[in-house]
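Under numbering that gives the first Met the number 0, the first residue of the sequence shown carries the number 0, and numbering increases by one thereafter. C-beta atoms are modelled at their ideal positions from N, C-alpha and C, and glycine is treated no differently. For reference, the structure discussed in these notes is given below.
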Amino acid sequence: MKAKQFDEAFDKGEDITLHLDLDGARRSSRKQKRINVSFPEWMLESLDLEASRLGIPRQAIIKLWLSERLKSASDENGTDQHPVA
């Protein structure tokens, strides 16, 4: 199957799993660890405003922004030291 046909099938919502080689597939490590971080009040207020604007919880926006920044840094350095969430 050519990539264009694969994309079209996916876009139509068709089951494309028959066209995937899943023998080497593995689940990435998504283990989480809880930490405590202190932020200045102005930063929390700004985070809350942006989270409210996007309709997501504060924790989600912190994770999203950290993930984007870490991916950007890894791209700049040519390293891949973290799984992207």
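Own chain partners of residue i with C-beta closer than 8 Å, once the 5 adjacent residues on each side are dropped
i, result
"L43", "R57"
Separation of residue j from residue i, as counted between CA atoms
i, j, result
"S45", "I34", "21 Å"
"K1", "L21", "18 Å"
"L65", "Q4", "35 Å"
"F9", "S71", "28 Å"
"Q31", "L63", "15 Å"
Beta-carbon spacing of residue i, residue j below 8 Å
i, j, result
"E49", "I61", "no"
Chain B contact for residue i (CB, 8 Å cutoff)
i, result
"Q58", "Among the protein chains of the structure shown there is no chain B, as only one such chain exists."
DSSP state of residue i mapped onto helix, strand, coil
i, result
"S89", "In the structure displayed, the chain extends from 0 to 84; residue 89 sits before or after that span and is not available."
"F38", "coil"
"D60", "For the sequence presented, residue 60 should be read as Ile rather than Asp. Note: I60 maps to helix in three-state DSSP."
"K70", "helix"
"E32", "The residue asked about is misnamed: residue 32 is Lys in this sequence, not Glu. Correct three-state label for K32: coil."
Own chain residues within Cβ distance below 7 Å of residue i, not counting five before or after
i, result
"L18", "This sequence places His at residue 18; Leu is not what is there. If we look at H18 and ignore the five residues flanking it on each side, its Cβ neighbours are M0 and F5."
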